[in-house]
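Numbering (the UniProt record's numbering), first residue to last: 1 to 130.
Data block below; observations after.
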Amino acid sequence: MIMALLIWKKSVPVVPLRGLWRISQSRDYSISKDDMKALFEEWANRCDKVYKTVEEKELRFWFFKQSFERVKKHNITGDSSFKLGLVECSDWTPDEREACKRPFRRQRPKPTTRFGGRLSTTYANAKGLA
């Protein structure tokens with residue numbers, strides 16, 4: 001039986017998703033809107049996702065569908081040595097994914113003078129360099 005991998009922060013448990021089994025057996029991965037909604041509900045339940053509003057849930061469902069399409073496209077081509085699956089962050093926005101990739105990314109240091117003070121537009125004028 002084909003199972004989807006739900007990747008967690010420290011472990012990689014294999015979690016069966018009934019809807020994905022049926023979809024993965026199809027050559028074209030076609031899925032109806034109702035089946036996609038059921039798959040999303042099952043996935044959200046397994047990942048303990050709780051949405052505060054209906055609007056947030058609809059937005060997350062849209063991002064989930066985008067992730068599913070990306071997974072489907074990758075797995076259908078068969079050009080890669082690995083398969084993708086639906087993961088815990090499959091409903092995240094691109095900004096949330098980027099923030100997760102680089103949580104400790106350093107900001108570029110601001111230009112400073114030799115003595116540690118910030119450069120300003122008036123600094124060059126004061127030194128007669130402008």
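Note that beta-carbon positions come from the ideal geometry of N, C-alpha and C, so glycine has one too.
As the crow flies, the alpha-carbon of Pro-94 is around 22 angstroms from that of Arg-46. For Arg-60, the secondary structure class from DSSP, reduced to helix, strand or coil, is helix. Assigned with DSSP and collapsed to three states, Lys-52 falls in coil, not helix or strand. With a beta-carbon spacing of about 7 angstroms, Ser-90 and Trp-43 fall inside the 8 angstroms limit used to define contacts.
Only residues of its own chain outside the window of five on either side were considered, and among them Tyr-51 have a CB closer than 7 angstroms to the CB of Lys-57, listed in chain order.
In this structure Met-36 touches Lys-65 by the C-beta definition: roughly 6 angstroms separates them, less than 8 angstroms. Boundaries of the alpha helix (DSSP H) harbouring Glu-42: 33-46, taken from the DSSP string.
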